[in-house]
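**Q** Reading the sequence shown from the start, the letters are residues -13 to 121 in the numbering used here. Note that beta-carbon positions come from the ideal geometry of N, C-alpha and C, so glycine has one too. On a predicted model such as this, the values are computed, not experimentally measured, just so you know.
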Amino acid sequence: MSNDSFEMPFLRLPRLPELNLPKFEEANPAKWAHERIVRSIIAFEEELEADQEIGARLVNFSAREPIHIDDVGYWGPDFVIFNGKNLDGNPVELIQHISQVNVLLVAIKVTTDKPNRIGFVLAKKLEGEKEEDDE
């Protein structure tokens, strides 16, 4: 073996600024989803009649229970919301995570004098959102 000594070089690394990352509680997707569901429940209850109360059904779609869709919206980057009425005329609001959105569009009998055609209204809303995004 050689008697040559090797000296390890000294490396100077720059000091990085401290990262201001949000606390886990603030970035928790389940907490954010919970808050939006609670706010949706509060808003839904405000529209109920005196003889109604809020109910929920963990949704597993079947062809037996279509809804009359009045509006479709979204909240945040991950929830799609369907508002409408069930076949008994009671208001319904489906809050669906985008990873689980599957929609079966079906024809159902009109319950009023005229059919509620929402495609045109939704198209106008969509165009308005695109204009806001472009600004």
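So, at 6 Å on beta carbons, what are the nonlocal neighbours of GLU79 in its own chain, with the 5 sequence-adjacent residues on each side left out?
**A** Taking the first residue of the sequence shown as 1, we reach residue 79 at position 93. Counting only Cβ-Cβ distances below 6 Å, and skipping sequence neighbours, we find PHE30, ASN69.
**Q** The alpha helix (DSSP H) with LEU112 in it runs from where to where?
**A** On the sequence shown, residue 112 is found 126 positions in, with the first residue counted as 1. Start and end: 105 to 120.
**Q** Of the choices PHE(-8), LEU(-3), PRO3, LYS71, whose alpha-carbon is the least far from that of ASN102?
**A** The residue given as residue 102 occupies position 116 in the sequence shown. Cα-wise, what sits closest to ASN102 is LYS71.
**Q** Pop quiz: VAL58 and VAL87 are said to be a contact at Cβ under 8 Å. What is the actual Cβ separation, rounded to whole angstroms?
**A** On the sequence shown, position 72 is the one that residue 58 refers to. On the sequence shown, position 101 is the one that residue 87 refers to. About 11 Å separates the two Cβ atoms, so there is no contact after all.
**Q** In chain order, which beta strand (DSSP E) runs of at least 3 residues are fully inside the stretch 54 to 111?
**A** Qualifying beta strand (DSSP E) stretches, in chain order: 54 to 61, 65 to 71, 77 to 83.
**Q** Given a threshold of 16 other Cβ atoms within 10 Å of its Cβ, counted over all protein chains shown, does HIS83 qualify as buried or as exposed?
**A** The count along the sequence shown starts at 1 and reaches residue 83 at position 97. Exposed, by the Cβ-count rule.
**Q** According to DSSP, is PRO15 helix, strand or coil?
**A** Residue numbering aside, residue 15 sits at position 29 when the sequence shown is read from its first letter. Residue state, collapsed to three classes: helix.
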